[in-house]
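Since the structure comes first, as structure tokens, the remarks are kept for the end.
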Amino acid sequence: MADYQAFRVELKDKIAHVQINRPEKRNAMNSAFWTEIIEIFTWADRTDDVRVVVLSGAGEHFSSGIDLNLLAQAAALVGKDVGRSADALRRKILELQASFNAVDRCRKPVLAAIQGYCLGGAIDLVSACDMRYASRDAKFAIKEIDMGMAADVGTLQRLPRIIGDGIMRELAFTGRMVESEEAQRIGLVNRVYDDKDSLLAGVMQLAADIAAKSPIAIRGTKEMIRYMRDHRVDDGLEYIATWNAAMLQSADLRIAMAAHMSKQAPEFAD
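Sequential numbering of the sequence shown, starting at 90, is according to my numbering.
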């Protein structure tokens, strides 16, 4: 496994545990973070031995968002020529968006385990995950509004499909803090655990349950869910028909049926 500046990555029992590893900085997202996360999720996507990804943060907090030093670097892109400054800033924003697009487009399910702060850019990140789980001390906020800017790396595009448009607007316009219980109530997180240890144990168990399923079936299920965000029902039905015309020929279907009939746990190839 490669060494990273901003992450620690471990692969065990088909589960890739990707941990943001800057606890002394509340896991703020520095320059290395944005490039390494693309490399890590490209690896997870392409590695057959990875069936599920668990994303967490080292220390007391999941992430306090974008490192302020990185924002200062972005400000340095602004020069006297408005057109050239706008072009440079746009390219930088698209680069940052690509980092979380890599998470969103990963073929494997991505489960976020969130404790402590999940602020600003961290909301963009967890919005790109498939499921989110929190410890009781977790706190969420779309902080960009308090910095005089609109969130620009995914929150405003993905979050309305997770928690609903109205509550998303309230959080985006006010920047107010959301505690874990409210986060569960509005659907931002699926479940709340008492503390960080029980959170990680619970999410790892869920990941293990998913990893035991047919990788072909999981891949198809995630692809269809992603596809339906931007298409009509008729389009989705046509796509799944074409998709399953191939995938139903996989040995996984026969293995699953035989295991069900014999009441045995199935074992699927990577």
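Don't be surprised by glycine CBs; every beta carbon is placed ideally from N, CA and C. Only a predicted model underlies this, so the values are computations on that prediction, with no experimental measurement involved.
{"Asked": "Distance between Ile344 and Glu356 (C-alpha atoms, nearest Å)", "Found": "8 Å"}
{"Asked": "Buried versus exposed call for Asp137 [16 or more other C-beta atoms within 10 Å across all chains shown]", "Found": "exposed"}
{"Asked": "Coil, strand or helix - Gly146 by DSSP", "Found": "strand"}
{"Asked": "Through-space distance from Pro249 to Arg111, alpha-carbon basis", "Found": "29 Å"}
{"Asked": "Buried or exposed (CB count within 10 angstroms, at least 16 for buried), Asn116", "Found": "buried"}
{"Asked": "Heavy atom of the ligand ATP within 7 Å of Tyr206 beta-carbon", "Found": "You won't find the ligand ATP in this model; it holds no ligand whatsoever."}
{"Asked": "Exposed unless 16 or more other CB atoms sit within 10 angstroms - verdict on Asp193", "Found": "buried"}
{"Asked": "Selected residue, minimal CA-CA separation from Asp241, among Met266, Ile251 and Asp213", "Found": "Asp213"}
{"Asked": "For Phe229, the residue or residues it bridges with in DSSP", "Found": "Cys207 and Val267"}
{"Asked": "Residue burial classification, Lys169 (beta-carbon count within 10 angstroms, cutoff 16)", "Found": "exposed"}
{"Asked": "Where Met238 falls: helix, strand or coil (DSSP)", "Found": "coil"}
{"Asked": "For Arg221 and Leu277, believed in contact at Cβ under 8 Å, the rounded distance", "Found": "6 Å"}
{"Asked": "Reduced DSSP category for Phe151 - H, G, I as helix; E, B as strand; rest coil", "Found": "coil"}
{"Asked": "Spatial neighbours of Ala121 in its chain, beta-carbon cut-off 6 Å, leaving aside the 5 residues before and after", "Found": "Gln94 and Ala95"}
{"Asked": "C-beta contact flag for Ala306 and Val267 at 8 Å", "Found": "no"}
{"Asked": "Exposure of Thr131, with buried meaning 16 or more beta-carbon neighbours within 10 Å", "Found": "exposed"}
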